[in-house]
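Some notes on the structure that comes next.
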Amino acid sequence: MDRPVRVRFAPSPTGPLHIGGVRTALYNYLFAKKHNGTMILRLEDTDQTRFVPGAEEYIKKSLEWVGIEIQEGPDQGGPHAPYRQSERKPMYRQYAEGLIEKGLAYYAFDTAEELDEMRKRLEASKMQAAYDSVSRMSMKNSLTLSAEEVKLRIDRGDDYVIRIKLPRKEEVRFHDVIRGWVVVSTTQMDDKVLLKGDGMPTYHLANVVDDYLMGISHVIRGEEWLPSAPLHVMLYRFLGWEDVMPQFAHLPLLLKPEGNGKLSKRDGDRLGFPVFPLNWEDDKTGEKSSGYKESGYFPEAVANMLALLGWHPSNNQELFTMDELIEAFSLEKVSKSGAKFDLNKALWFNQQYLQMKPTSEVYEMIKPLVDSLGYDVCQEYVESVISMMREKVQFAKDTILQGKYFFEAPSEYDKQVIEKKWTADMNTHLVELSSEFEKLTDSDSPENFESTFKQFCETKSLKTGNLLQPLRVAVSGEGTGAPIWEMIALLGKEEVIHRIKSASNKISFSIA
Ligand code: GLU
């Protein structure tokens, strides 16, 4: 690569950042890091009608949570500050006016009604309803009006926009790193507005000007921007910047789990998974959207999952640290076709990270929950519960919620096990077994509890399988759960005996 790699994530702060946007940011970040490049955050906030308070903060917090570090941006500063387009407003006009001087753009004075009328007229005659090389000649612009009239209108403050003047029929070709050659004819394109009536640039102008001024080497963005790329290529050409035009890489869409269409917030609501990194509440409607963070996902799991939604490593490795992702990532291995969101895979990733994390870290995460449930236990105890429960659950909080019996004696008992296995004989055996447990110490090992149990069954000529489940139900209330001997050892002799006796009383009463 012959120029320094400089990439940007350029969101518009119009609401919470979709998880697909986080993936775009992640791919930019991985690419930048891999090539010792620079990752830039630029806020594209020129559309003031769509500005949403809090969205910028949300974007920054989301990136930080997932582990994406920004080197140049609104908070970090940098050689091309400011990094918010609204603060760069005065920079853009000169480029639009420069194009007018070269005959590559023009002033257009058409009112909303006139534009509407044009569209209707063209539609009626089955023509492309666009402001383009054909229709512009019948509209009110500096191509059709005299120079004096144009000056007069501008001087008296008439509303106007500046539009690009595209050639009538020309091929626009560019190479996309992911899609290969893309060829579009200007006959399919329209004379897009570059500068709006309020003096603000449109997305197209601001995006191209800033990518140029900020020395962006690669534009890595979602597929939804592919239709804009030919216009951007024309702008680079018209502005005389074609030799430093960035390379384009349009990422595949994130699709619904069923594969038909773009993943939306509604899919998340429907299928019960978040489509946003963090919780978000809409100020106006009060509508709430849940985030991966608050739903209990680890940021590492989310980054890992997102990296693999559209990119395939050369081997079949699935678990990657951020450093490994940086090392392995390449744009060439990003696929062209959309990537289906897979909830089970998301859960699987979280479970993998739950198992890999130090228990002390998981403890810190769930300590507030333990406290809020009023469980008065030490850290060591909770960490033991975590290591016993984490193979069975996907979220840290579930080690506690599904392992309730580590903190409270059961008040209900698994009905199926009782019906099938809890006979009057078993009840007697359990009580006798508890007397055997009396001989152990309170903090005896799982192995000693187990051998006491086995010996007891042998003496009584009992199949261990017949007594094991009643024992589990007596102690935990549940038919399945944590490894039984470790659970029993952690609860301790006294508690276990107490639970067996109380279960025996309650259950023998109910089966009697
Ligand atoms: N502002 C655009 C967005 O919201 C940026 C697209 C691009 O990266 O060029 O995604």
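Taking numbering that gives the first Met the number 0, the leading residue of the sequence shown gets 0, the next gets one more, and so forth.
Note that CB positions come from ideal geometry on N, CA and C, so glycine has one too.
Short check: CB of residue i to CB of residue j, under 8 Å?
i: residue 248; j: residue 218; result: yes
i: residue 319; j: residue 338; result: no
i: residue 107; j: residue 95; result: no
i: residue 188; j: residue 229; result: yes
i: residue 195; j: residue 203; result: no
i: residue 428; j: residue 459; result: yes
i: residue 512; j: residue 321; result: No statement about residue 512 is possible, as the shown extent of the chain runs from 0 to 511 and does not include it.
i: residue 177; j: residue 333; result: yes
i: residue 193; j: residue 201; result: yes
i: residue 270; j: residue 19; result: no
i: residue 500; j: residue 469; result: no
i: residue 373; j: residue 442; result: no
i: residue 31; j: residue 23; result: no
i: residue 445; j: residue 408; result: no
i: residue 384; j: residue 398; result: yes
i: residue 412; j: residue 325; result: no
i: residue 139; j: residue 109; result: yes
Less than 7 Å between the CB of residue i and some heavy atom of the ligand GLU, yes or no?
i: residue 43; result: yes
i: residue 218; result: yes
i: residue 202; result: yes
i: residue 240; result: no
i: residue 206; result: yes
i: residue 24; result: no
i: residue 251; result: no
i: residue 128; result: no
i: residue 11; result: yes
i: residue 64; result: no
i: residue 279; result: no
i: residue 484; result: no
i: residue 310; result: no
i: residue 347; result: no
i: residue 224; result: yes
Can you tell me the Cα-Cα spacing of residue i and residue j, whole angstroms?
i: residue 280; j: residue 57; result: 11 Å
i: residue 504; j: residue 461; result: 22 Å
i: residue 39; j: residue 7; result: 4 Å
i: residue 394; j: residue 455; result: 38 Å
i: residue 21; j: residue 62; result: 7 Å
i: residue 474; j: residue 502; result: 8 Å
i: residue 33; j: residue 311; result: 16 Å
i: residue 198; j: residue 266; result: 38 Å
i: residue 476; j: residue 414; result: 9 Å
i: residue 449; j: residue 417; result: 22 Å
i: residue 292; j: residue 396; result: 12 Å
i: residue 237; j: residue 97; result: 10 Å
i: residue 26; j: residue 357; result: 28 Å
i: residue 424; j: residue 467; result: 14 Å
i: residue 308; j: residue 348; result: 12 Å
i: residue 143; j: residue 122; result: 22 Å
Next item on the list: With a floor of 4 residues, list each alpha helix (DSSP H) that falls wholly inside the region 164–234, ordered by position along the chain.
Entry: Counting only runs of at least 4 residues, the region 164–234 fully encloses the following alpha helix (DSSP H) elements, listed from N- to C-terminal order: 202–212.
Item checked: 4 or more residues per run - each alpha helix (DSSP H) lying fully within the region 35–103 -> Listed in chain order, they are 54–65 and 88–100.
Margin query: Taking contact to mean 3 or more Cβ pairs, one atom from each stretch, closer than 8 Å, check whether the region 164–175 and the region 121–132 are in contact.
Written below: Touching, yes.
Next item on the list: Evaluate the contact criterion for the region 335–352 versus the region 42–56: three or more CB pairs, one atom per stretch, below 8 Å.
Entry: Below 8 Å, too few C-beta pairs join the region 335–352 and the region 42–56 to call them touching: fewer than three.
Check: Does the region 8–24 touch the region 263–278, meaning 3 or more C-beta pairs lie closer than 8 Å?
Finding: With a cut-off of 8 Å, the region 8–24 and the region 263–278 count as touching, because enough Cβ pairs lie within range.
Next item on the list: Mind listing, in chain order, the continuous alpha helix (DSSP H) runs of no fewer than 4 residues lying wholly within the region 295–344?
Entry: Counting only runs of 4 or more, we get 298–306 and 321–327.
Check: Per the contact definition of three or more C-beta pairs closer than 8 Å, is the region 279–298 in contact with the region 207–224?
Finding: Verdict: no, contact absent.
Check: Taking contact to mean at least 3 C-beta pairs separated by less than 8 Å, is the region 254–261 in contact with the region 231–238?
Finding: Cβ pair count under 8 Å is below three, so no.
Check: How do the region 81–92 and the region 26–44 stand: do at least 3 beta-carbon pairs fall below 8 Å, yes or no?
Finding: Yes, the region 81–92 touches the region 26–44.
Margin query: Count Cβ pairs between the region 478–492 and the region 394–413 that sit closer than 8 Å; are there 3 or more?
Written below: Contact between the region 478–492 and the region 394–413 is present, with at least three C-beta pairs closer than 8 Å.
Checklist line | At least three beta-carbon pairs within less than 8 Å, the region 282–290 to the region 360–374 | finding: Output reads no: the region 360–374 does not touch the region 282–290.
Check: In chain order, which alpha helix (DSSP H) runs of at least 4 residues are fully inside the region 424–497?
Finding: If we require 4 residues or more, the alpha helix (DSSP H) runs fully inside the region 424–497 come out as 445–458, 463–475 and 483–490.
Note to self: At 4 residues or longer, what runs of the alpha helix (DSSP H) sit wholly inside the region 370–423?
What the structure shows: Correct list: 378–388, 395–400 and 414–420.
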